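Student: Residue numbers (the numbering used here): 6 to 215.
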Amino acid sequence: MQVVIIGCGKVGAKFAQVLSEEGNEIVIVSNDPKAFKNLPPDFDGVTLTGVPIDQDVLKMAGIENADVLVAVTEDDNVNIMVCQVAKEIFKVPKVVARIYNPAREHVFHQFGLETICPTDITVNVMRAMVESNADVSTHNIGNTSVLFKHVNLADGYIGKRIDQVKLKQSMIFGIIRSGEFILANATGRLVKGDILVVADTTHKNNKEIN
């Protein structure tokens with residue numbers, strides 16, 4: 006499968022890594038060349054620096070032959086514009102966008118675009134865990150069943166940044182600290198007593214990261 010990923014933040018880089026390891030052909034685009042440092046050293050896909058809403062940049066990324074385009078930049082407006090171009094002009098079969106503002110979700114849907122909203126997911130996961138008093142919660146995102154689970158932090162990770170915790174097929178979604186939920190920030194420091202909320206598509210229930 007040929008996949009074009011727009012945005013190389015923590016999510017974009019992790020998504021690119023996972024899909025690449027599964028044997029897909031990946032091109033990841035960012036207007037900030039420093040963002041590619043989020044990718045692992047052994048990433049074997051293609052990186053491209055350029056303005057993602059520029060059609061020439063998208064052509065260089067191989068959008069004309071892409072099976073999927075995923076837009077995960079920090080800007081909802083950029084994501085919707087890229088997705089519109091991908092769907093309407095280049096006829097990419099599958100187009101997915103991450104959005105931060107739930108109020109804009111209906112705009113994407115009006116254009117027939119699939120969306121993932123971290124805000125809605127966070128609220129739903131927290132509510133499910135609180136109401137069930139459970140350590141795990143499963144949610145369907147697109148065609149994938151994602152398991153959100155609580156994982157105790159091993160002492161060796163105290164003081165480290167979140168992006169220094171390496172997980173296979175999983176990523177840190179957030180932290181429960183002193184009873185409060187904090188959405189994961191790649192450069193945030195972990196402290197003793199933190200409980201990680203991990204998003205996992207493998208459904209292996211490990212109770213501690215070590």
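Heads up, the beta-carbon is just placed ideally off N, CA and C, and yes, glycines get one too. Owing to the predicted nature of the structure, the values given are computational and were not obtained by experimental measurement.
#1: Where does Leu118 sit, in a helix, a strand or coil, going by DSSP?
#2: Taking only the alpha-carbon atoms, compute the straight-line gap between Val32 and Ile163 and give it to the nearest angstrom.
#3: Ile11 to Ile187, Cα distance in whole Å?
#4: Compare the C-alpha of Lys96 against each of Gly161, Asn82, Leu74 and name the closest.
#5: CB Val100 to CB Ala66, shorter than 9 Å?
#6: Output the boundary residues of the beta strand (DSSP E) element that contains Asn21.
#7: Could you tell me which residues DSSP puts in a beta bridge with Arg109?
#8: Less than 8 Å between C-beta atoms, sequence neighbours within five positions excluded: which residues of the same chain meet that for Phe20?
#9: Can you check whether the CB of Cys13 is closer than 9 Å to the CB of Asp49?
#10: Quick check on Lys209: buried or exposed, where buried means 16 or more other Cβ atoms within 10 Å of its Cβ?
#11: What do you get for Asn70, buried or exposed, if any count of 16 or more other CB atoms within 10 angstroms of its CB means buried?
#12: According to the neighbour-count rule (16 or more other Cβ atoms, all chains shown, within 10 Å of its Cβ), is Gly184 buried or exposed?
#13: In this structure, does DSSP put Glu79 in helix, strand or coil?
#14: Is Ala40 helix, strand or coil by DSSP?
#15: Nearest-angstrom Cα distance between Gly117 and Val196?
#16: Give me the Cβ distance between Pro107 and Val83, rounded to the nearest whole Å; I'm assuming they're in contact under 8 Å.
#17: Check Leu72 in the structure and name its three-state DSSP category.
#18: Compute the distance between the beta-carbons of Asp168 and Lys15, then report whether it is under 9 Å.
#19: With burial defined as no fewer than 16 other Cβ atoms inside 10 Å of the residue's Cβ, what is the status of Gly28: buried or exposed?
#20: When DSSP labels each residue in this structure, what does Met176 get in the three-state scheme?
#21: Figure out for me which residue from Met6, Asn43, Gln22 has the closest Cα to the Cα of Asp72.
Tutor: Answer, in terms of the structure:
#1: coil
#2: 34 Å
#3: 25 Å
#4: Leu74
#5: no
#6: The question names Asn, yet the displayed sequence has Ala at residue 21. Ala21 -> not in any beta strand (DSSP E); alpha helix (DSSP H) instead, spanning 15-26.
#7: Answer by DSSP bridge pairing: none, since Arg109 is not bridged.
#8: Ile10, Val75, Val77
#9: no
#10: At Lys209, the pLDDT of 46 sits below 50, so the modelled position is not reliable; the number obtained from the coordinates is stated separately. Burial call: exposed.
#11: exposed
#12: exposed
#13: coil
#14: helix
#15: 42 Å
#16: So it is not a contact: roughly 18 Å between Cβ atoms.
#17: Note that residue 72 is Asp in the sequence shown here, rather than Leu. Residue state, collapsed to three classes: coil.
#18: yes
#19: exposed
#20: strand
#21: Met6
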